[in-house]
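Student:
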Amino acid sequence: MHAVVVTDPYLVSEVLSKETEIEKSIEGVYSKFNVLLHAEGKPNIFTSHTNDYWKLVRKGVAPAFSSKNIRKGFGHVVQVNHQLISILDDSSSAEINLDNATLRVTLDVIGRVGFGKDFGATRDLSSGKANLAFDMMEAGQPLPDDRIAAEIGVFFTGGFETTGHTIAWTLFMISVHPEVEARVLAELRALQLMPSAKRPQPRAMEYDDMARLTYTSNAIKEAMRMLPVLADGTNRTTTADTRLGPYTIPKGTMVWVPLMGLFNSPRNWADPDKYMPDRWEDPLAEYALPRDADAYEGEGQGRVKRFLPFSLGTRDCVGQSLARMNTTTTVAMLLARFKFQLADKMGGKEGVLKSQSVALSTLQPEGGLWAHCIPRSLKGSQTGVHQMAANGLPGMPRPSSSGQLEPLPEHPDASCTLDAPHLPSMNRQRSGALPAHLALAKGDILPAKPGSKLGRSLPSRRD
Numbered sequence: 531m532h533a534v535v536v537t538d539p540y541l542v543s544e545v546l547s548k549e550t551e552i553e554k555s556i557e558g559v560y561s562k563f564n565v566l567l568h569a570e571g572k573p574n575i576f577t578s579h580t581n582d583y584w585k586l587v588r589k590g591v592a593p594a595f596s597s598k599n600i601r602k603g604f605g606h607v608v609q610v611n612h613q614l615i616s617i618l619d620d621s622s623s624a625e626i627n628l629d630n631a632t633l634r635v636t637l638d639v640i641g642r643v644g645f646g647k648d649f650g651a652t653r654d655l656s657s658g659k660a661n662l663a664f665d666m667m668e669a670g671q672p673l674p675d676d677r678i679a680a681e682i683g684v685f686f687t688g689g690f691e692t693t694g695h696t697i698a699w700t701l702f703m704i705s706v707h708p709e710v711e712a713r714v715l716a717e718l719r720a721l722q723l724m725p726s727a728k729r730p731q732p733r734a735m736e737y738d739d740m741a742r743l744t745y746t747s748n749a750i751k752e753a754m755r756m757l758p759v760l761a762d763g764t765n766r767t768t769t770a771d772t773r774l775g776p777y778t779i780p781k782g783t784m785v786w787v788p789l790m791g792l793f794n795s796p797r798n799w800a801d802p803d804k805y806m807p808d809r810w811e812d813p814l815a816e817y818a819l820p821r822d823a824d825a826y827e828g829e830g831q832g833r834v835k836r837f838l839p840f841s842l843g844t845r846d847c848v849g850q851s852l853a854r855m856n857t858t859t860t861v862a863m864l865l866a867r868f869k870f871q872l873a874d875k876m877g878g879k880e881g882v883l884k885s886q887s888v889a890l891s892t893l894q895p896e897g898g899l900w901a902h903c904i905p906r907s908l909k910g911s912q913t914g915v916h917q918m919a920a921n922g923l924p925g926m927p928r929p930s931s932s933g934q935l936e937p938l939p940e941h942p943d944a945s946c947t948l949d950a951p952h953l954p955s956m957n958r959q960r961s962g963a964l965p966a967h968l969a970l971a972k973g974d975i976l977p978a979k980p981g982s983k984l985g986r987s988l989p990s991r992r993d
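For the sequence shown, this note's numbering assigns the number 993 to the last residue and increments by one with no breaks.
(1) In terms of DSSP beta bridges, what is Val888 paired with?
(2) Spatial neighbours of Tyr737 within its chain, please: CB distance less than 7 Å, with the 5 preceding and 5 following residues excluded, ordered by chain position.
(3) Using three-state DSSP, classify Leu718 as helix, strand or coil.
(4) Between the C-alpha atoms of Ala815 and Arg836, what's the straight-line distance to the nearest angstrom?
(5) Rank Phe645, Lys781, His902, Gly791 by C-alpha distance to the C-alpha of Val754 and give the top, closest one.
(6) Measuring CA to CA, which of Gly897, Gly689, Lys879, Glu880 is closest to Ser887?
(7) In the structure shown, what three-state DSSP assignment does Tyr777 receive?
(8) Nearest-angstrom Cα distance between Thr550 and Asp762?
(9) Please determine, among Ala901, Val882, His902, the residue with the shortest C-alpha to C-alpha distance to Leu893.
(10) Can you find the residues in the same chain that come closer than 6 Å, C-beta to C-beta, to Val607, ignoring five residues on each side of it along the sequence?
(11) Verify whether the separation of the beta carbon atoms of Ala741 and Pro539 is less than 7 Å.
(12) Whose C-alpha, out of Pro708, Ser705, Asp739, Met703, is nearest the C-alpha of Ala720?
(13) Helix, strand or coil for Val834? Go by DSSP, reduced to three states.
(14) In chain order, what residues of the same chain lie with their CB nearer than 6 Å to the CB of Phe793, ignoring the 5 residues before and after it?
(15) Could you round the C-beta distance between Trp810 and Glu752 to whole angstroms and report it? I think they count as a contact, below 8 Å.
(16) Give the secondary structure of Glu625 by DSSP, where H, G and I count as helix, E and B as strand, and everything else as coil.
(17) Would you mind stating whether Thr636 and Thr693 have Cβ atoms separated by less than 7 Å?
(18) With a Cβ-Cβ cutoff of 7 Å, do Ala866 and Leu718 count as a contact?
(19) Measure the alpha-carbon distance for Lys728 versus Leu715 and round it to whole angstroms.
(20) Any beta carbon of chain B sitting closer than 7 Å to that of Gly650?
(21) Spatial neighbours of Gln850 within its chain, please: CB distance less than 6 Å, with the 5 preceding and 5 following residues excluded, ordered by chain position.
(22) Along the chain, where does the alpha helix (DSSP H) that runs through Gln613 open and close?
(23) Taking the Cβ atom as the reference point for each residue, do Ile704 and Ala749 lie within a distance shorter than 7 Å?
(24) In angstroms, rounded to a whole number, what distance separates the CA positions of Ala868 and Glu711?
(25) For Ala873, which of His902, Met531, Lys781, Gly689 has the nearest alpha-carbon?
(26) Give me the residue from Arg833, Asp812, Glu553, Pro813 with the minimum Cα distance to Pro820.
(27) Just the Cα atoms here: how many angstroms apart are Met806 and Thr696?
(28) Out of Lys598, Pro905, Arg642, which has the shortest C-alpha to C-alpha gap to Pro725?
(29) Quick check on Thr764: buried or exposed, where buried means 16 or more other Cβ atoms within 10 Å of its Cβ?
(30) Express the C-alpha separation of Val545 and Arg653 in angstroms, rounding to a whole number.
(31) Compute the distance between the beta-carbons of Ala533 and Trp786, then report whether it is under 7 Å.
(32) Mark Arg642 as exposed unless 16 or more other C-beta atoms lie within 10 angstroms of its C-beta, in which case mark it buried.
(33) By the three-class DSSP mapping on this structure, what secondary structure does Asn798 have?
(34) Would DSSP call Val535 helix, strand or coil?
(35) Out of curiosity, what's the CA-to-CA distance linking Gly646 and Pro776?
(36) Can you check DSSP and say which residues form a bridge with Tyr817?
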């Protein structure tokens, strides 16, 4: 098969908008996802063509990610981070695999917010498996059990891996750029989200703080630009001879849009190799420069995006609102609490950058991202963090011994499971262990210590 690589933003926009002429390819890396998530290799919402099945699932899950539902789930994100902070406080002298720790945060967030299930990945980092449940939601038109398993699998794989690695890469980039870290901390202090001389006890983070964390958000965007977790982007196939800009692409040609190339090309960005959060102060920074300046009128008109980490159009990431909230909240809370110093074995900044590896399309540091978590001065607040980690936040459901979230008696409607009235029915009786294609593997997050909560890791899948 012939292939063309596209990194021009205007041509990329055409590729992603011509869904009938340039169809999402189910070959290559997408076929690996099918095999991983379904015993017979059937496609899912991520890998399928834009057909009736895709439309059914997309329609079912989209309401779950409304702004109303995302706001409802914010407390869970905060509580999960408090659980991780509590464990890191207890192990501040050890080297931790930061990448694996952030993967655990996102796994718990997706479980709690999306499915009303507490997997305990951040309560005890020695656990090597998560017990996925198939009776998580009940509503909408049912799908066969095997297809439900595939859809649950893609939400967990696509959600926790991409967001978890993004958080780790962001913490790395901020930590190795002291001038950026200083400005992030100044913003957190100004919002009273970390200790200061005037306010030794920081206030709790609120949902509305995400809109106020402008510089922190810019630092996250810049990390996502330089180290896009979906580095390989997307590949599609022409279904007929197709016009793409001034070119005619023959039928049956693979059209590849690598985000790493799109986001780091000097044709698209000034100083693409420099970590510059300030570039995002321009409200039009995500847009490519207009080809015809005289034809440009008004904000955004006549322009196409050069920064699209969640893709665009009808096939954009359905869970991007949850991913953004999770990333911003976790980065802010962890940086307010800890200074992250790379372990010697990482070989400094350059060593980490050389360790980049793409596994099942996600960019991650091969072998992990090992660092020391040095607590910042939080005098008198440690007890409060441990209590919140153990007992939950006021008005939030506590996890039961079985892992199912139980609303507090004084707040009977406190459950923050996302509402998705058209979601394919997941009310299934589950028996036995997970299918082999959904089971999680084991690895190391920390050197094993007797009685330590830090031990086993989530899986690191390799091609």
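Positions of the beta carbon are idealized from the N, C-alpha and C atoms, including for glycine.
Tutor: If we stick to the structure as given:
(1) Under DSSP, Val888 shares a beta bridge with Leu893.
(2) Only Arg601, Phe604 meet the Cβ criterion.
(3) Correct three-state label for Leu718: helix.
(4) Using only the alpha carbons, I get a separation of about 9 Å.
(5) In the sequence as presented, Val is not what sits at residue 754; that position holds Met. When C-alpha distances from Met754 are compared across Phe645, Lys781, His902, Gly791, the shortest belongs to Gly791.
(6) Among Gly897, Gly689, Lys879, Glu880, the Cα nearest to that of Ser887 is on Gly897.
(7) If DSSP states are grouped into helix, strand and coil, Tyr777 belongs with the strands.
(8) Approximately 22 Å, taken between the alpha carbons.
(9) The option with the nearest alpha carbon to Leu893 is Val882.
(10) Closer than 6 Å at the Cβ level, and outside the excluded window around Val607, lie Val639, Asn856, Thr859.
(11) Inclusion of Ala741 and Pro539 in the CB contact set at 7 Å is not warranted, their separation being larger than that value.
(12) The shortest C-alpha to C-alpha distance from Ala720 to any of Pro708, Ser705, Asp739, Met703 is the one to Asp739.
(13) Three-state DSSP puts Val834 in coil, outside helix and strand.
(14) A distance below 6 Å between beta-carbons, with the five flanking residues on each side excluded, links Phe793 to the following residues of its chain, in chain order: Arg755, Pro758.
(15) Right, the Cβ-Cβ distance comes to about 6 Å (below 8 Å), so this counts as a contact.
(16) If DSSP states are grouped into helix, strand and coil, Glu625 belongs with the strands.
(17) Yes, the Cβ-Cβ distance between Thr636 and Thr693 is below 7 Å.
(18) Ala866 places its beta carbon less than 7 Å from that of Leu718.
(19) Inter-residue distance for Lys728 and Leu715 is about 15 Å (C-alpha atoms, whole angstroms).
(20) Protein chain content of the structure displayed is limited to a single chain, and chain B is not contained in it.
(21) Within the same chain, Gln850 has close Cβ partners Phe840.
(22) Start and end: 597 to 620.
(23) Yes. Within cutoff.
(24) Residue identity check: residue 868 is Phe in the sequence provided, not Ala. Glu711 has its alpha-carbon roughly 11 Å from the corresponding atom of Phe868.
(25) Proximity to Ala873 across His902, Met531, Lys781, Gly689 peaks at His902, based on C-alpha coordinates.
(26) Ranking the options by Cα distance to Pro820, first place goes to Arg833.
(27) Distance between the alpha carbons of Met806 and Thr696: 17 Å.
(28) For the residues Lys598, Pro905, Arg642, the minimum Cα distance to Pro725 belongs to Pro905.
(29) Buried, because 16 or more other Cβ atoms sit within 10 Å of the Cβ of Thr764.
(30) The C-alpha of Arg653 lies about 44 Å from the C-alpha of Val545.
(31) The answer is yes: Cβ separation under 7 Å.
(32) Its Cβ being crowded by 16 or more others within 10 Å, Arg642 is buried.
(33) Looking at Asn798 - three-state DSSP - the assignment turns out to be coil, as it is neither helix nor strand.
(34) Val535 carries a strand assignment under DSSP once its states are collapsed to helix, strand and coil.
(35) Approximately 50 Å between the Cα atoms of the pair.
(36) Lys835, per the DSSP bridge assignment.
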